[in-house]
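Asker: Mapping the sequence shown onto our numbering, position 129 (from 1) lands on 169, and the numbers just tick up by one. Cβ atoms here follow ideal geometry from the backbone N, Cα and C, with glycine treated the same way. Since this is a predicted model, take the numbers as computed values, not measurements. Take a look at the following structure, please.
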Amino acid sequence: MNSEKLIIFDTTMRDGEQSPGASMTKDEKLRIARQLERMRVDVIEAGFPASSNGDFEAVKAVGKVIKDSIVCGLCRANDKDIQRGIDALAGANAWRIHVFIATSALHMEKKLRMTPDQVFEQAKLSVRYARLACPDVEFSPEDGSRSDPDFLCRVLEAVIKEGARTINIPDTVGYAVPEQFGEMIRSLRERVPNSDQAVWSVHCHNDLGMAVANSLAAVRLGGVRQIECTVNGLGERAGNTSLEEVVMALRTRKDFYQLQTRIDTTQIVPASRLVSQITGFVVQPNKAVVGANAFAHASGIHQDGVIKARETYEIMTAEDVGWSANKIVLGKLSGRTAFRQRLEEIGIELDNEDAYNKAFQRFKDLADKKSEIFDEDLQALVAQEASISSNEVWGLVSMSQASGTNDKPQASVVLQQNGNEVKADSKGDGPVDATFKAIESVAQSGAELLLFSVNAVTQGTESQGEVTVRLSKGGRIVNGVGADTDIVVASAKAYINALNKLESKMERLNPQHQM
Ligand code: KIV
Ligand code: ZN
């Protein structure tokens with residue numbers, strides 16, 4: 041069957057980064073970008089270059105290394121923002137400038153304080169400006185799904201005339217419902233006279249849990265050929281269309297959609313893990329495609345059916361989406377070469393020899409505590425290594441704690457503060473609480489603990505625990521991650537990682553909340 045192509049536009053590092061606490065450093069963005077390229081995403085929206093110098097540098101760095109995907113930067117509809125986008129991306133192999141301005145009456149009047157005619161002019165002029173430097177320009181009318189269709193048609197016709205090659209209709213607040221949204225796109229494409237000169241796209245938010253359904257309705261009823269989405273559905277508030285869900289829906293139901301993407305689906309689970317480890321946003325176990333239970337059959341009837349014929353209860357296989365069946369890959373006796381080779385096989389590339397040496401040392405420490413090392417352990421180990429920067433204020437030297445059914449839990453920690461050792465003890469409601477209180481008694485950060493979550497990296501009681509700690513202070517929200525076979529130690533590492541991020545001047549406020 042010769043099917044048409046659908047473009048996958050990933051915005052994990054732009055819209056996904058807008059989730060509170062999900063802000064990413066340049067190195068983290070580079071790691072995610074390489075994985076997205078490996079997954080064969082068509083367009084990678086790497087950030088919002090005008091939002092901060094840090095994001096400008098991150099977008100530029102992604103533009104430099106990525107060769108097989110188009111790298112895109114988001115810009116508000118003004119020359120200054122667009123010039124920042126051009127400066128960040130002009131050296132890239134293939135690049136796109138994505139210009140947006142709100143078109144709903146509500147946003148124009150209350151947020152922009154502009155008349156529709158002013159918005160119309162600004163949309164036109166900004167696309168014209170972007171096209172002077174970049175042949176690949178995308179235009180988004182923000183809050184498009186709640187905009188007046190007549191006004192939208194006028195704006196879209198004008199920006200296509202100015203050279204916009206992709207028209208992306210956002211459902212910014214997740215208000216749309218599938219049939220109505222699909223019909224709306226169909227009608228826009230019919231009514232805009234030059235609509236055939238652009239690729240049509242949608243960008244849906246998940247406030248009513250319908251982002252994937254709305255995107256697919258826009259494909260089926262509206263004829264769009266680009267979907268904007270994020271890994272794990274990360275994004276503002278309830279998130280965006282989930283990449284793994286749309287890709288697997290299109291693939292599994294190719295009989296219905298008759299479209300194909302370029303995505304290498306075996307890279308989906310590694311991408312999901314990487315994004316989860318970097319942002320600290322844990323994937324719920326029952327999440328479609330990438331949740332830990334997505335392929336686990338618990339009931340006897342289902343297990344029996346799957347053993348007799350897999351298709352009885354499975355519409356896709358775990359291997360299709362990259363679940364490696366918890367293979368033991370390395371152990372205590374594995375050497376440097378085997379370690380490095382396995383990292384390469386699962387797509388982990390470290391920056392230099394020093395990073396490989398450090399990671400190998402941590403691997404040896406882990407192998408002393410845990411006899412079987414799985415791919416997931418390697419991913420957690422490298423994620424933690426990458427989250428530690430060279431000039432940290434706080435470090436964990438040692439710790440111990442005591443707890444029991446009749447005793448008040450107690451913890452002692454020895455920390456390194458700018459190279460000096462400091463010791464502290466505390467009691468608490470549990471060993472983790474006592475440990476955090478002991479750390480706080482010396483760090484005195486005054487930060488508020490917003491989230492504490494523990495996830496087993498693999499199965500069994502020998503598994504490493506991966507802990508996420510989210511702290512908030514003075515309007516900044518940071519996520520710390522830590523992994524260890526002892527979950528209290530993992531918790532301490534995560535707390536200290538978050539404290540270091542709070543201390544770091546480089547750690548940005550959520551980029552778009554700065555504007
Ligand atoms: O949700 C939205 O409207 C956006 C646009 C900037 C595309 O993210
Ligand atoms: Zn959005």
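Just how far apart, CA to CA, sit Leu152 and His245?
Answerer: What you label residue 152 is simply residue 112 of the sequence shown in a count that begins at 1. What you label residue 245 is simply residue 205 of the sequence shown in a count that begins at 1. Cα-Cα distance, rounded: 21 angstroms.
Asker: Below 8 angstroms, how does it come out for the stretch 265 to 275 and the stretch 307 to 325: are there three or more Cβ pairs, yes or no?
Answerer: yes
Asker: When you measure from the CB of Asp55 to every non-hydrogen atom of the ligand ZN, does any distance come out below 6 angstroms?
Answerer: Taking the sequence shown and counting its residues from 1, one reaches residue 55 at position 15. Under cutoff, so the answer is yes.
Asker: With DSSP run on the structure shown, which of helix, strand or coil describes Arg510?
Answerer: Position 470 of the sequence shown, counted from the first residue, corresponds to residue 510. Strand.
Asker: As a quick exercise: from Asp304, Thr143, Asp121 and Asp183, pick the residue whose alpha carbon is nearest that of Met79.
Answerer: Locating residue 79 in the sequence shown gives position 39, counting from the first residue. Closest option to Met79, Cα to Cα, is Asp304.
Asker: Looking only at its own chain, which residues have a Cβ that is under 6 angstroms from the Cβ of Gly125, when we skip the five neighbours before and after it?
Answerer: On the sequence shown, residue 125 is found 85 positions in, with the first residue counted as 1. Residues of the same chain with a CB within less than 6 angstroms of the CB of Gly125, apart from the 5 flanking positions on each side, are Pro89, Gly113, Cys115 and Ile137 in chain order.
Asker: What is the DSSP secondary structure of Phe335, reduced to helix, strand or coil?
Answerer: As a working note, residue 335 is residue 295 in the sequence shown. Residue state, collapsed to three classes: coil.
Asker: Taking just the CA atoms, how far does Thr281 sit from Thr306?
Answerer: Taking the sequence shown and counting its residues from 1, the one referred to as residue 306 is at position 266. Taking the sequence shown and counting its residues from 1, the one referred to as residue 281 is at position 241. Distance between the alpha carbons of Thr306 and Thr281 is about 19 angstroms.
Asker: To the nearest angstrom, report how far apart Gln158 and Pro233 are at their CA atoms.
Answerer: Working through the sequence shown from its first residue, we reach residue 158 at position 118. Working through the sequence shown from its first residue, we reach residue 233 at position 193. Straight-line Cα distance between these residues: approximately 22 angstroms.
Asker: Start and end of the beta strand (DSSP E) containing His243?
Answerer: By 1-based counting over the sequence shown, the position of residue 243 is 203. Residues Val239 to Cys244.
Asker: Buried or exposed, going by whether 16 or more other CB atoms sit within 10 Å of the CB of Glu461?
Answerer: As a position in the sequence shown, residue 461 is number 421, starting the count at 1. Classification of Glu461: exposed, given that the 10 Å Cβ count is below 16.
Asker: Heavy atom of the ligand KIV less than 6 angstroms from the Cβ of Pro449, yes or no?
Answerer: Reading the sequence shown from its first residue, position 409 is the one you call residue 449. Checking the Cβ of Pro449 against the ligand KIV gives no.
Asker: Determine the direct distance from the alpha carbon of Ala420 to that of Asn537, and round the result to whole angstroms.
Answerer: If you number the sequence shown from 1, residue 537 lands on position 497. If you number the sequence shown from 1, residue 420 lands on position 380. Roughly 14 angstroms between the two C-alpha positions.
Asker: Determine the burial state of Phe296: buried for a count of at least 16 other Cβ atoms within 10 Å of its Cβ, exposed for fewer.
Answerer: Mapped onto the sequence shown, residue 296 falls at position 256. Phe296 is exposed by the Cβ-count criterion.
Asker: For Gln554, count neighbouring C-beta atoms within 10 Å of its own C-beta (all shown protein chains included) and say buried if the count is 16 or more, exposed if not.
Answerer: Within the sequence shown, the letter at position 514 stands for residue 554. Because the pLDDT at Gln554 is just 46, under 50, the model does not fix this residue reliably, and the value given afterwards should be weighed accordingly. Here Gln554 is exposed. Its C-beta has fewer than 16 other C-beta atoms within 10 Å.
Asker: What's the C-alpha gap between Arg510 and Ser43?
Answerer: Stepping through the sequence shown from its first residue, residue 510 is reached at position 470. Stepping through the sequence shown from its first residue, residue 43 is reached at position 3. Distance between the alpha carbons of Arg510 and Ser43 is about 45 angstroms.
Asker: Check whether the Cβ of Pro210 sits closer than 6 angstroms to any heavy atom of the ligand KIV, and report yes or no.
Answerer: In the sequence shown, residue 210 corresponds to position 170, counting from 1. Yes, the Cβ of Pro210 comes within 6 angstroms of a heavy atom of the ligand KIV.
Asker: Out of Met356, Asp67, Lys107 and Val369, state which residue places its alpha-carbon closest to the alpha-carbon of Glu97.
Answerer: Within the sequence shown, numbered from 1, the residue matching residue 97 stands at position 57. Per the Cα distances, Asp67.
Asker: With H, G and I counted as helix, E and B as strand and the rest as coil, what does DSSP make of Leu70?
Answerer: One-based indexing of the sequence shown puts residue 70 at position 30. The answer is helix: DSSP assigns Leu70 an H, G or I state.
Asker: Could you pull out every residue in the same chain whose Cβ sits closer than 6 angstroms to the Cβ of Gly470, ignoring the five residues on either side in sequence?
Answerer: Numbered from its first residue, the sequence shown carries residue 470 at position 430. Excluding residues within five positions, the ones whose Cβ falls inside 6 angstroms are Pro449.
Asker: Counting C-beta neighbours from all protein chains within 10 Å, is the total for Thr475 16 or more, i.e. buried, or is it exposed?
Answerer: Working through the sequence shown from its first residue, we reach residue 475 at position 435. The residue in question, Thr475, is buried, as its Cβ has 16 or more Cβ neighbours within 10 Å.
Asker: Going by Cα to Cα distance, which pick from Ser92, Pro175 and Val497 is closest to Lys410?
Answerer: Translated into positions along the sequence shown, residue 410 becomes position 370. Ranking Ser92, Pro175 and Val497 by Cα distance to Lys410 puts Val497 first.
Asker: For Ser440, collect the residues of the same chain with a Cβ closer than 8 angstroms to its Cβ; drop the 5 residues on either side in sequence, then sort them by chain order.
Answerer: Working through the sequence shown from its first residue, we reach residue 440 at position 400. The residues are Ala451 and Ser452.
Asker: What's the C-alpha gap between Ala257 and Val361?
Answerer: Residue mapping note: residue 257 aligns to position 217 of the sequence shown, counting from 1. Residue mapping note: residue 361 aligns to position 321 of the sequence shown, counting from 1. Cα to Cα, Ala257 sits roughly 23 angstroms from Val361.
Asker: Cutting at 6 angstroms between CB atoms, please list the residues of its own chain near Gly486, excluding the five before and the five after it.
Answerer: Position 446 of the sequence shown holds residue 486. Counting only Cβ-Cβ distances below 6 angstroms, and skipping sequence neighbours, we find nothing.
Asker: Considering only residues of the stretch 366 to 448, which uninterrupted alpha helix (DSSP H) runs meet the minimum length of 4 residues and lie entirely inside it, listed in chain order?
Answerer: Runs of the alpha helix (DSSP H) spanning 4 or more residues and lying entirely within the stretch 366 to 448 occur at 376 to 385, 393 to 409 and 415 to 427, in chain order.
Asker: Name the two residues that bound the continuous beta strand (DSSP E) containing Val494.
Answerer: On the sequence shown, residue 494 is found 454 positions in, with the first residue counted as 1. Unbroken beta strand (DSSP E) run through Val494: Glu488 to Ala496.
Asker: Which residues bound the beta strand (DSSP E) around Leu34?
Answerer: Outside the displayed range of the chain (41 to 555) lies residue 34, so it cannot be described from this structure.
Asker: Within the same chain, show all residues whose beta-carbon is closer than 8 angstroms to that of Arg231, passing over the 5 residues directly before and after it, in chain order.
Answerer: Numbered from its first residue, the sequence shown carries residue 231 at position 191. Correct list, in chain order: Pro189 and Cys193.
Asker: Which residue or residues does DSSP assign as beta-bridge partners of Glu592?
Answerer: What is shown of the chain runs 41 to 555, which leaves residue 592 out entirely.
Asker: Would you check if the distance between the CB atom of Lys541 and the CB atom of Val518 is smaller than 7 angstroms?
Answerer: Your numbering for residue 541 matches position 501 in the sequence shown. Your numbering for residue 518 matches position 478 in the sequence shown. Closer than 7 angstroms, so yes.
Asker: Does the Cβ of Gly131 have 16 or more other Cβ atoms within 10 Å, making it buried, or fewer, making it exposed?
Answerer: In the sequence shown, counting from the first residue as 1, residue 131 sits at position 91. Gly131 should be labelled exposed.
Asker: Out of Ile141, Lys100, Ser166 and Asp119, point me to the one whose CA is closest to Trp135's CA.
Answerer: Locating residue 135 in the sequence shown gives position 95, where the first residue counts as 1. With distances taken between Cα atoms, Trp135 lies closest to Lys100.
Asker: Assign Ser481 to buried or exposed, taking buried as 16 or more other Cβ atoms, counted over all protein chains shown, within 10 Å of its Cβ.
Answerer: Start at 1 with the first residue of the sequence shown, and residue 481 comes out as number 441. So Ser481 counts as exposed.
Asker: Please report the distance separating the alpha-carbon of Ala278 from that of Lys150.
Answerer: By one-based count along the sequence shown, residue 278 stands at place 238. By one-based count along the sequence shown, residue 150 stands at place 110. Approximately 23 angstroms, taken between the alpha carbons.
Asker: Measure the C-alpha to C-alpha separation of Ile47 and Leu539 and round it to an integer number of angstroms.
Answerer: Position 7 of the sequence shown, counting from 1, holds the residue named residue 47. Position 499 of the sequence shown, counting from 1, holds the residue named residue 539. Each residue's Cα considered, the two are about 40 angstroms apart.
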